[in-house]
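All remarks here apply to the structure that follows.
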Amino acid sequence: MVNQSTIAQFILKGFSDIPIVNAVCTGIFLIIYTFGILGNISVITVIIKDGHLHTPMYFFLKNLSFLDVCYVSVTMPKAIVNTILGSEEISFLECVVQLYLFFTLAGTECFLLTAMAYDRCMAIYRPLLYEITMNRKLCWELVSTSWICGAFYAIFHAINTFSLPFCGPNVIDHFFCDIPPVMRLSCVDYHANEEWSFIYSSCIILGAFVLTISSYICIISTIIKIQHVQGRWKAFSTCSCHLTTILLFYGTGSSMYLRPTSEYSPIQGRLAAVFYSVITPTLNPVIYCLRNKEMKVSLKKVFHQVQRKK
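Heads up: the sequence shown begins at -14 in this note's numbering, then just goes up one per residue.
If you want it as structure tokens, here you go:
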């Protein structure tokens, strides 16, 4: 990653250009961030402690919760601390690392959601072979592959973005180092890099999305064939939480990255980023716990155990 950048640091504008609004947003997002961290850690704890949840479905959910803890922690702490301390600076190297980690986690989530869709497809489409097919080894391989693919996915974006020269200005119109606002600061024409980023993201993200949707087409076609209404509803309820997470993640993320950087709007960019980098990881534990009876029972059980110890 070699360029001719002369700036040593960037300036992050935060959640808003207006100081009062920025301070209010910081307080709100601090609460949301805390809630998201506690919610995802609770899901991880419950799945680890309850032996009834040691199944492939909850193994993937545990990894998704861990991923969401990391995902939201890449951007929010820096943005919150900067506002509290009154500092907007982020070094060039920190910006590179933040962008790389963010896209590693975002890419990993795409692939992990695809693996989770495959798991649900096997559970409903091939229930008799499910335990044999979705063994512990395959589950670990799918999770490991998701992380490795996510890391390689981010390498391209980091190199493609920071190979551009940055001579000034250095003010990033965002609350973290994201591709569109960073590319716009380049002192040369960035449209070739933008096109490569668009093509690459489209192929990877849409590829993972197509595989995920293919699994759900198979799932829905199988559910429709179930004669009993109760059995049909039970099968669908096990997938509805995951489907909601997929729609939230892909819906907000694609609106940001599957369009040209030249059409980037700072306000829309921040709003979209709040949804896919903060709201979605925070809502995942709520979605899975409120719509899942097993999780509700396990949460109550663990909560009572903690209360007894006190």
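Don't be surprised by glycine CBs; every beta carbon is placed ideally from N, CA and C.
**Report entry** Reduced DSSP secondary structure (H/G/I, E/B, other) of residue -8
**Finding:** coil
Query raised in the report: Can you list, in chain order, the residues of its chain whose CB lies under 6 Å from that of residue 261, leaving out five sequence neighbours each side?
Result: 237, 238
Query raised in the report: What alpha helix (DSSP H) runs, 4 residues minimum, are completely inside the stretch 149 to 233?
Result: 164 to 168, 176 to 210
Query raised in the report: Can the beta-carbon of residue 151 be found less than 7 Å from the beta-carbon of residue -8?
Result: yes
Query raised in the report: In angstroms, rounded to a whole number, what distance separates the CA positions of residue 79 and residue 26?
Result: 26 Å
Query raised in the report: Under three-state DSSP, which class holds residue 26?
Result: DSSP, read as helix, strand or coil, puts residue 26 in helix.
Query raised in the report: Expressed to the nearest angstrom, what Euclidean distance is found between the alpha-carbon atoms of residue 211 and residue 205?
Result: 10 Å
Query - Beta-carbon proximity list for residue 0, same chain, < 6 Å, skipping 5 on both sides - result: 7, 10, 160
Query raised in the report: Alpha carbon to alpha carbon, how far is residue 201 from residue 192?
Result: 15 Å
Query raised in the report: With distances taken from CA atoms, which of 52, 5, 17, 32 is nearest residue 44?
Result: 32
Report task. Find the nearest neighbour of residue 89 within the set 132, 121, 99, judged by alpha-carbon distance. Result -> 132
Query raised in the report: So what does residue -3 bridge to, in DSSP terms?
Result: 157.
Query - Simplified DSSP state of residue -13, which is helix, strand or coil - result: Confidence is the limiting factor: at residue -13 the pLDDT is only 49, short of 50, which leaves the residue's position unreliable and the question unanswerable from this model.
Query raised in the report: Going by other Cβ atoms of all chains shown within 10 Å of its Cβ, with 16 needed for buried, is residue 227 buried or exposed?
Result: buried
Requested in this report: Using 10 angstroms around the beta-carbon of residue 108, count the other beta-carbons present and answer buried if the total reaches 16, otherwise exposed.
Outcome: buried
Query raised in the report: Taking the alpha-carbon positions, what's the residue 20 to residue 267 distance?
Result: 7 Å
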